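*Asks:* Quick note on numbering: the working numbering labels position 88 of the sequence shown as 84, and the sequence is numbered without any gaps.
Think of the CB as a built atom: it goes at the ideal place given N, C-alpha and C, for glycine as much as any other residue.
Quick caveat, the model's predicted, so the values are computed rather than measured.
Could you have a look at this structure, given as structure tokens, before my questions?
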Amino acid sequence: MENAVKTHLTLAALLATLTLPALADRLPVPNHPLYREECGSCHLAYPPQLLDAHSWLQVMNGLDKHFGSDASLDEKRRAAIADFLGRNAGGRKTGVTADAKGQPLLRISDTAYFQRKHREVDASVWKRPAIKSPANCAACHVNAAAGDYSERSIRIPK
Ligand code: HEC
Ligand code: HEC
-3 MENAVKTHLT
7 LAALLATLTL
17 PALADRLPVP
27 NHPLYREECG
37 SCHLAYPPQL
47 LDAHSWLQVM
57 NGLDKHFGSD
67 ASLDEKRRAA
77 IADFLGRNAG
87 GRKTGVTADA
97 KGQPLLRISD
107 TAYFQRKHRE
117 VDASVWKRPA
127 IKSPANCAAC
137 HVNAAAGDYS
147 ERSIRIPK
């Protein structure tokens, strides 16, 4: 019995190590219909893992002035989504998402993690008409809605 449990644990640990590298380009959005509905209408429902909890709190406290748009919600919905984002916020992947002065960053595209991963994308590419902005993840990551950011699912529009 003891041995069986041990073997099982070792195997699980081994499997976890083997699958980790493949998971680096996977950012599945935990299922939350309200989040998808309210935060996926103007743009992709971004992976909560890509900002830390402070950043999400700040985004959710300023929805009336949301990057030049009004994305305000009634308090019940706002609180439910803020809670969901806080619980699923990043940390391990992105570290603290704050600027040099310690202010929470509001944009995933301003984080060190994002910039490191996109270092090879030329500044002019972001401005192409079919892309417009680094925030437009799905323009290049064709399976972004499914949480797939792998290299083979990237098509950069000309
Ligand atoms: C009315 C439309 C609208 C709704 C609804 C909306 N957003 Fe946005 N959001 C925008 C616009 C516009 C931008 C800026 C896009 C750009 O720079 O190209 C943006 C950008 C963002 C960014 C920064 C992206 C980046 O990395 O540059 C985050 C994070 C974000 N929204 C989160 C949310 C969340 C969370 C919700 C739901 C509470 C939400 N948005 C709902 C319009 C909206
Ligand atoms: C101009 C096209 C483009 C846009 C827009 C874009 N990306 Fe990327 N992304 C790339 C390229 C190119 C790479 C690098 C692929 C490589 O080197 O393996 C990349 C890499 C990544 C990776 C790393 C995947 C891995 O293998 O580790 C993640 C995560 C990612 N992008 C997320 C996002 C998110 C989230 C957004 C939107 C906020 C976004 N990207 C917007 C082109 C884009």
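Taking Leu81 and Pro44 to be in contact with their CB atoms under 8 angstroms, please state how far apart those CB atoms are, rounded to whole angstroms.
*Replies:* Indexing the sequence shown from 1 puts residue 81 at position 85. Indexing the sequence shown from 1 puts residue 44 at position 48. With a Cβ gap of about 5 angstroms, Leu81 and Pro44 count as contacting.
*Asks:* Taking a contact to mean a Cβ-Cβ separation below 7 angstroms, would you say Asp48 touches Val117 in this structure?
*Replies:* One-based indexing of the sequence shown puts residue 48 at position 52. One-based indexing of the sequence shown puts residue 117 at position 121. Taking 7 angstroms as the Cβ cut-off, Asp48 and Val117 do not qualify as a contacting pair.
*Asks:* Going by the CB atoms, is the gap between Ile104 and Leu46 shorter than 7 angstroms?
*Replies:* Your numbering for residue 46 matches position 50 in the sequence shown. Your numbering for residue 104 matches position 108 in the sequence shown. Closer than 7 angstroms, so yes.
*Asks:* Keeping to the same chain, check which residues put their C-beta closer than 7 angstroms to that of Ala134; ignore five residues upstream and five downstream.
*Replies:* In the sequence shown, the residue the question calls residue 134 occupies position 138. Same-chain partners within the cutoff: Leu40, Ala140 and Ala141.
*Asks:* Where Ala18 and Glu147 are concerned, what is the direct C-alpha to C-alpha distance, given to the nearest angstrom?
*Replies:* Counted from its first residue, the sequence shown places residue 18 at position 22. Counted from its first residue, the sequence shown places residue 147 at position 151. Unreliable positioning characterises Ala18 in this predicted model, as indicated by a pLDDT of 48, which lies under 50. A coordinate reading is not provided.
*Asks:* Tell me Ser65's beta-bridge partners as DSSP assigns them.
*Replies:* Locating residue 65 in the sequence shown gives position 69, where the first residue counts as 1. Its beta-bridge partners are His62.
*Asks:* Restricting to Cα atoms, I'd like to know which of Tyr145, Tyr42, Ala67 and His137 is closest to Arg22.
*Replies:* Within the sequence shown, numbered from 1, the residue matching residue 22 stands at position 26. Measuring from the Cα of Arg22, the nearest candidate turns out to be Tyr145.
*Asks:* Is it right to say Ala75 is buried, meaning 16 or more other beta carbons lie within 10 angstroms of its own, or is it exposed?
*Replies:* Mapped onto the sequence shown, residue 75 falls at position 79. Exposed.
*Asks:* Shortest alpha-carbon distance to Ser68 belongs to which of Trp52, Asn84 and Glu34?
*Replies:* By one-based count along the sequence shown, residue 68 stands at place 72. Nearest option by C-alpha distance: Glu34.
*Asks:* Is Trp52 closer than 7 angstroms to Ala96 when the C-beta atoms are compared?
*Replies:* Within the sequence shown, residue 96 is the residue found at index 100, counting from 1. Within the sequence shown, residue 52 is the residue found at index 56, counting from 1. Contact flag unset, no.
*Asks:* Tell me, please, which residues DSSP counts as bridged to His137.
*Replies:* Residue numbering aside, residue 137 sits at position 141 when the sequence shown is read from its first letter. Paired residues: Ile150.
*Asks:* Identify every residue that forms a DSSP beta bridge with Asp144.
*Replies:* Counting from 1 along the sequence shown, the entry for residue 144 is found at position 148. Partner(s): Arg22.
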